[in-house]
Amino acid sequence: LGSAQVNFDLPTERDNRTNTDFPSRKQYLHRNGRAGRYGRNGIAITLLDMSERDSEHIFKRIEEGTALPSVELPRNDIRPLRERMKQVKPMCRASPPAPTPPPAAAVLAAEPAVKTDPAVKTDPAVKTDP
Numbered sequence: 001l002g003s004a005q006v007n008f009d010l011p012t013e014r015d016n017r018t019n020t021d022f023p024s025r026k027q028y029l030h031r032n033g034r035a036g037r038y039g040r041n042g043i044a045i046t047l048l049d050m051s052e053r054d055s056e057h058i059f060k061r062i063e064e065g066t067a068l069p070s071v072e073l074p075r076n077d078i079r080p081l082r083e084r085m086k087q088v089k090p091m092c093r094a095s096p097p098a099p100t101p102p103p104a105a106a107v108l109a110a111e112p113a114v115k116t117d118p119a120v121k122t123d124p125a126v127k128t129d130p
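Okay, so the sequence shown: first residue is 1 according to full-length UniProt numbering, each after it adds one.
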């Protein structure tokens with residue numbers, strides 16, 4: 001899925017989602033679609049450095065497909081966010097990836113077989129849950 005994404009709390013009265021990297025359009029909509037649900041206000045903030053400015057075309061595509069406007073904030077307005085991002089981003093990179101769950105076949109194969117009591121007579125035509 002790409003690089004790890006960080007969501008951290010900001011002092012607001014709304015649901016918020018803060019991105020410290022810029023994902024694909026599909027990932028962006030998935031990640032930020034949870035901000036502002038259930039009648040609450042929401043805001044999604046994506047912090048880009050100058051090397052990521054080429055991602056602006058993705059913002060334009062997102063705006064075209066939704067009613068979500070983007071706003072570029074002056075540097076002074078984002079200084080507190082930038083400081084918080086410097087604190088959080090190294091922790092995200094240091095986190096190991098979540099383990100991949102085993103396939104269902106492996107889980108089923110690892111389960112012990114159902115033991116039966118040879119003294120109990122059963123009718124093979126009758127199906128019972130284990």
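Note that CB positions come from ideal geometry on N, CA and C, so glycine has one too.
Other residues of its chain near residue i: CB distance less than 6 angstroms, five sequence neighbours each side excluded
i: Lys86; result: none
i: Pro90; result: none
i: Gln27; result: none
i: Pro80; result: none
i: Leu29; result: none
Range covered by the beta strand (DSSP E) that runs through residue i
i: Asn16; result: Asp15 to Asn19
CB contact flag (residue i, residue j, <9 angstroms)
i: Val88; j: Thr46; result: no
i: Arg40; j: Asp15; result: yes
Residues bridged to residue i [DSSP beta-bridge criterion]
i: Gly42; result: Asp15
Residue i - containing alpha helix (DSSP H), residue span
i: Leu29; result: Arg25 to Asn32
Same chain, Cβ closer than 8 angstroms to residue i, neighbours up to 5 away in sequence not counted
i: Arg17; result: Asn7, Arg31, Asn32, Arg34, Ala35, Gly42, Ile43, Ala44 and Ile45
i: Arg37; result: Asp15
9 angstroms Cβ cutoff, residue i in contact with chain B
i: Met91; result: Going by chain labels, chain B is absent from the structure shown, which holds only one protein chain.
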